[in-house]
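S.K.: My numbering puts the sequence shown at residues 3 to 161.
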Amino acid sequence: APKDRLPKVLKKEMKGLAWSPYSKELPNIVVAGPVPGEIYETMVLPVLAPDPNTNDKVQFGKAVMYYGGNRGRGQVYPEGNQSNNNQFFAAATGRISAIEGTKVTIETKDGPKVQELLPGAKIVVEVGEQVSKDDPITTNPNVGGFGQEEKETILQDMN
Numbered sequence: 003a004p005k006d007r008l009p010k011v012l013k014k015e016m017k018g019l020a021w022s023p024y025s026k027e028l029p030n031i032v033v034a035g036p037v038p039g040e041i042y043e044t045m046v047l048p049v050l051a052p053d054p055n056t057n058d059k060v061q062f063g064k065a066v067m068y069y070g071g072n073r074g075r076g077q078v079y080p081e082g083n084q085s086n087n088n089q090f091f092a093a094a095t096g097r098i099s100a101i102e103g104t105k106v107t108i109e110t111k112d113g114p115k116v117q118e119l120l121p122g123a124k125i126v127v128e129v130g131e132q133v134s135k136d137d138p139i140t141t142n143p144n145v146g147g148f149g150q151e152e153k154e155t156i157l158q159d160m161n
């Protein structure tokens, strides 16, 4: 369902959940997440039922719907940016000169390279440590896993 047609109660329940149509060509496929499993053990996604008053081909009755969810495995948001479910690697070869929160500074022969990490994974390097480009600098936070469910949904005319 379009976000502007969601009731306030449903908007509140879905707050913080990133979801969007898969593509303009396939708007009936919805992509949700990535999501942290502790918060979204269950997920609510809006489904808009067809209106028989505007579409005479609508048939009421049972329909089987398939739901799938992937948690972990280096997820990305629908916009393409990484989630905090990714392991981070050194952006350059050099010596770790500073670690401030989620920023790791690598002193390279060309000067300092500041790398911004996302919260979630534990930083495993220390100030003074030598790293090579693409060495892991965080743990791998992927708990991984895929879940799939098959449920029947009943589409009924409320008139």
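No residue lacks a Cβ here, since even glycine has one placed at the ideal position from N, Cα and C.
Can you grab the Cα-Cα spacing for the pair Asp58 / Ser25, in whole Å?
M.R.: The count along the sequence shown starts at 1 and reaches residue 58 at position 56. The count along the sequence shown starts at 1 and reaches residue 25 at position 23. Using only the alpha carbons, I get a separation of about 26 Å.
S.K.: Between the alpha carbons of Thr104 and Glu131, how many angstroms are there, rounded?
M.R.: Along the sequence shown, one-based indexing puts residue 104 at 102. Along the sequence shown, one-based indexing puts residue 131 at 129. Each residue's Cα considered, the two are about 17 Å apart.
S.K.: Mind reading off the beta-carbon distance from Ala123 to Ile108? Whole number of angstroms is fine, and I expect it under 8 Å.
M.R.: The residue given as residue 123 occupies position 121 in the sequence shown. The residue given as residue 108 occupies position 106 in the sequence shown. Incorrect: roughly 17 Å between the Cβ atoms, too far for contact.
S.K.: In or out: Phe62 buried (at least 16 other Cβ within 10 Å) or exposed?
M.R.: Taking the sequence shown and counting its residues from 1, one reaches residue 62 at position 60. Flag for Phe62 reads exposed.
S.K.: Does Lys13 come out as helix, strand or coil in the three-state DSSP assignment?
M.R.: Counted from its first residue, the sequence shown places residue 13 at position 11. Three-state DSSP puts Lys13 in a helix.
S.K.: For Ile139, count neighbouring Cβ atoms within 10 angstroms of its own Cβ and tell me buried if that reaches 16, exposed if not.
M.R.: Counted from its first residue, the sequence shown places residue 139 at position 137. Buried.
S.K.: For Val46, count neighbouring C-beta atoms within 10 Å of its own C-beta (all shown protein chains included) and say buried if the count is 16 or more, exposed if not.
M.R.: Residue 46 sits at position 44 when you count from the first residue of the sequence shown. Looking at its Cβ environment, which holds fewer than 16 other Cβ atoms inside 10 Å, Val46 is exposed.
S.K.: Expressed to the nearest angstrom, what Euclidean distance is found between the alpha-carbon atoms of Pro52 and Leu120?
M.R.: Counting from one through the sequence shown, the residue named residue 52 turns up at place 50. Counting from one through the sequence shown, the residue named residue 120 turns up at place 118. Cα-Cα distance, rounded: 41 Å.
S.K.: So what does DSSP say about Lys135, is it helix, strand or coil?
M.R.: By one-based count along the sequence shown, residue 135 stands at place 133. Coil, per DSSP.
S.K.: Give me the Cβ distance between Val106 and Val127, rounded to the nearest whole Å; I'm assuming they're in contact under 8 Å.
M.R.: Counting from 1 along the sequence shown, the entry for residue 106 is found at position 104. Counting from 1 along the sequence shown, the entry for residue 127 is found at position 125. Between Val127 and Val106 the Cβ distance is about 7 Å, and since that is below 8 Å, they are a contact.
S.K.: Are Leu19 and Pro48 closer than 8 Å when you measure CB to CB?
M.R.: In the sequence shown, the residue the question calls residue 19 occupies position 17. In the sequence shown, the residue the question calls residue 48 occupies position 46. No; because the gap between Cβ atoms is not below 8 Å, this pair is not in contact.
S.K.: On the CB-based measure, 16 or more other CB atoms within 10 Å of its CB, does Pro143 come out buried or exposed?
M.R.: Taking the sequence shown and counting its residues from 1, the one referred to as residue 143 is at position 141. Label assigned to Pro143: buried.
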